[in-house]
Every structure is written in C-alpha cells, then in structure tokens.
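What follows is a single structure, written as structure tokens, with notes after it.
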Amino acid sequence: MIQAVMVISTQAKPRLLKFYSFQPPEKHQDLVRCVFQLLSARPESASNFVKVDSIFGPGTKMVYKHLATLYFVFVFDSSENELAMLDLVQVFVETLDRCFKNVCELDIVFMILQLHVLGSRKAAHHFG
Numbered sequence: 016m017i018q019a020v021m022v023i024s025t026q027a028k029p030r031l032l033k034f035y036s037f038q039p040p041e042k043h044q045d046l047v048r049c050v051f052q053l054l055s056a057r058p059e060s061a062s063n064f065v066k067v068d069s070i071f072g073p074g075t076k077m078v079y080k081h082l083a084t085l086y087f088v089f090v091f092d093s094s095e096n097e098l099a100m101l102d103l104v105q106v107f108v109e110t111l112d113r114c115f116k117n118v119c120e121l122d123i124v125f126m127i128l129q130l131h132v133l134g135s136r137k138a139a140h141h142f143g
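Going from the sequence shown to our numbering is simple: count from 1 and add 15.
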C-alpha cells in the first residue's frame, strides 16, 4: 500500500504532502525533515530505493526521483512492487509536465489544489 506521496524542494520545503496512512499533523514536519536529510545526503549514483523502517515503521520503503529543485517521493510497504512504484513516480511527473507545461516548483506552489486532485486520481487508479 502507498503510505505517502511527498514533493519536497531542495530547500527542504514541503510542496505536497499526502498521507494515505494516518500520520498526526504535528508529525508531518518531522517526517519531511527526516526524509529530506536522508535524500540530501545520498550521492547521485545511489539507488532510488531506500528502506525507511526507522521513519515510517517496519517494512516500509521509499522511492524517489530528484528533478531540478524537487524531490518526488513515494513511501510504500512490502505489498507493493518496487519497480511499479518507480514507474508510478515517473508517470506522476510526466502527468504534471503535461498539465503544467514543464512543471516547476512555482507551478506546484500556486496550483496545489489541482496537484491534490491529480495525486488522488493517480492513487485511485493505482488502488482500483
């Protein structure tokens, strides 16, 4: 199951946070901080898959894609296929590119409502 979708800037600012498993709102900033610290410390040659048991609980993994000034992050459990999750990140980014004509961080900041709708549709399609 997908547990979270995050878009985080390279300045550690959350641009989109969508949790599909309950996370108390007061914990969101801590999760973003932990994920950002982990991602920003990784070399570019490292795998896009990371075990995040210590952040999200046992059996959780994260797949990410770093494009321009944004990290696109999907957190999922062991019931999901890693390569399918990587493909889902790619499809999500390509969808944003089509909707916003070369998506950039400002598009995400100013079009957050549309981004939530797109994310919900992708998740519904994935779960359906």
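For glycine and all other residues, C-beta sits at the position ideal for the given N, C-alpha and C. Quick caveat, the model's predicted, so the values are computed rather than measured.
When DSSP builds the beta bridges, which residues end up paired with residue i?
| i | result |
| --- | --- |
| lysine 28 | Beta-bridge pairing links lysine 28 to no other residue. |
| lysine 33 | Val20 |
| lysine 76 | Lys66 and Phe91 |
Using C-beta distances below 8 Å, list every residue in its chain close to residue i, excluding the 5 sequence neighbours before and after it, in chain order.
| i | result |
| --- | --- |
| valine 108 | Lys80, Leu82, Phe87 and Val118 |
| glutamine 18 | Phe34, Tyr35, Ser36, Phe71, Thr75, Val90, Phe91 and Asp92 |
| glycine 143 | For glycine 143, the predicted structure reports a pLDDT of 49, less than 50, and the residue's modelled location is therefore unreliable. A value from the coordinates is still provided. So no residue of the chain qualifies. |
| glutamine 26 | Thr84 |
Taking the straight line between their C-alpha atoms, what separation do you get for residue i and residue j?
| i | j | result |
| --- | --- | --- |
| asparagine 96 | valine 50 | 21 Å |
| threonine 110 | leucine 121 | 16 Å |
| proline 29 | alanine 56 | 17 Å |
| histidine 43 | phenylalanine 115 | 27 Å |
| glutamine 38 | glutamine 52 | 19 Å |
| proline 40 | proline 58 | 30 Å |
| arginine 6 | proline 73 | Because residue 6 is not part of the residues shown, which for the chain are 16 to 143, the question remains open. |
| methionine 100 | serine 62 | 14 Å |
| leucine 98 | glutamine 105 | 11 Å |
| leucine 54 | aspartate 45 | 14 Å |
| serine 60 | aspartate 102 | 19 Å |
Below 8 Å between beta carbons: does that hold for residue i and residue j?
| i | j | result |
| --- | --- | --- |
| phenylalanine 64 | valine 47 | no |
| valine 22 | leucine 85 | yes |
| methionine 16 | serine 94 | yes |
Just to confirm my understanding: we take residue i, look at its own chain, exclude 5 residues before and 5 after, and list those with CB closer than 7 Å. What are they?
| i | result |
| --- | --- |
| methionine 126 | Phe115 |
| serine 24 | Arg30, Thr84, Leu85 and Glu120 |
Can you find the residues in the same chain that come closer than 6 Å, C-beta to C-beta, to residue i, ignoring five residues on each side of it along the sequence?
| i | result |
| --- | --- |
| valine 67 | Thr75 and Met77 |
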